[in-house]
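*Asks:*
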Amino acid sequence: MENIPESLIESVSGIEQCPPEKRCKSAFDILLGDEEDSSTGLENDTILGEVTKYLEEKPIPRSDCILNWWKINSPTYPLLAIIARGLLGIPSTSATSERIFSIAGLTVTKLRSALKPSNVDALIFLNKNYELL
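Residue numbers for the sequence shown follow UniProt numbering, beginning at 1 and rising by one.
1) When the Cβ atoms of the region 46 to 57 are set against those of the region 70 to 79, are three or more pairs found closer than 8 Å?
2) Nearest CA to the CA of Gly-86: which residue from Tyr-130, Trp-70, Glu-56?
3) Candidates Leu-115, Arg-99, Thr-109, Ser-113: which alpha carbon is nearest Thr-127's?
4) Assuming Thr-109 and Leu-123 form a contact by the criterion Cβ under 8 Å, report the distance between their Cβ atoms to the nearest whole angstrom.
5) DSSP three-state call for Thr-93: helix, strand or coil?
6) Relative to the C-alpha of Ala-104, which candidate in Pro-91, Pro-59, Phe-125 has its C-alpha closest?
7) Between Glu-62 and Arg-112, what straight-line distance do the alpha-carbon atoms span, to the nearest angstrom?
Written out as structure tokens, the structure reads:
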């Protein structure tokens with residue numbers, strides 16, 4: 001605590017706190033919705049049913065094209081198809097990877113060259129996902 005600048009401590013202590021009667025939403029709450037919201041109960045049941053149905057399916061043979069499988073089965077698994085599209089889609093440009101390399105270059109400087117690779121990974125991850133916190 002002694003090495004932390006006073007201005008940083010003041011700026012952190014100035015962050016608004018949620019009133020005690022109202023709980024702050026975490027990223028997990030935002031992703032899955034509030035437990036108190038009655039409409040999300042139905043949505044969660046739909047998601048859970050879709051995942052259960054998918055897990056009961058036969059595994060997709062390795063010789064089959066997984067993209068074609070999702071194209072055919074997207075009406076059966078509409079929510080999972082959205083996730084699959086995001087995970088299996090290849091970006092048509094290298095802009096995203098170039099942006100991450102740029103952030104890494106700004107993170108690892110002469111003064112910070114002793115950072116462990118795991119710490120650099122964590123700093124880059126936090127930089128790119130800060131808004132979700």
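From the three backbone atoms N, C-alpha and C, an ideal C-beta is built for every residue, glycine too.
*Replies:* With the given structure in hand:
1) yes
2) In the sequence shown, residue 86 corresponds to position 86, counting from 1. Checked all of Tyr-130, Trp-70, Glu-56; the closest Cα to Gly-86 is Trp-70.
3) As a working mapping, residue 127 is identified with position 127 in the sequence shown. The displayed chain sequence assigns Asn, not Thr, to residue 127. Checking every option, the nearest Cα to that of Asn-127 belongs to Arg-99.
4) Counting from 1 along the sequence shown, the entry for residue 109 is found at position 109. Counting from 1 along the sequence shown, the entry for residue 123 is found at position 123. In fact, because the Cβ distance is near 12 Å, the residues do not count as touching under 8 Å.
5) Residue 93 sits at position 93 when you count from the first residue of the sequence shown. Coil.
6) Stepping through the sequence shown from its first residue, residue 104 is reached at position 104. That would be Phe-125, whose Cα lies nearest to the Cα of Ala-104.
7) As a first step, residue 62 is located in the sequence shown; it is residue number 62 there, counting from the start. As a first step, residue 112 is located in the sequence shown; it is residue number 112 there, counting from the start. It is worth fixing the name first, because residue 62 is Arg in this sequence and not Glu. In a straight line, the C-alpha of Arg-62 is about 44 Å away from that of Arg-112.
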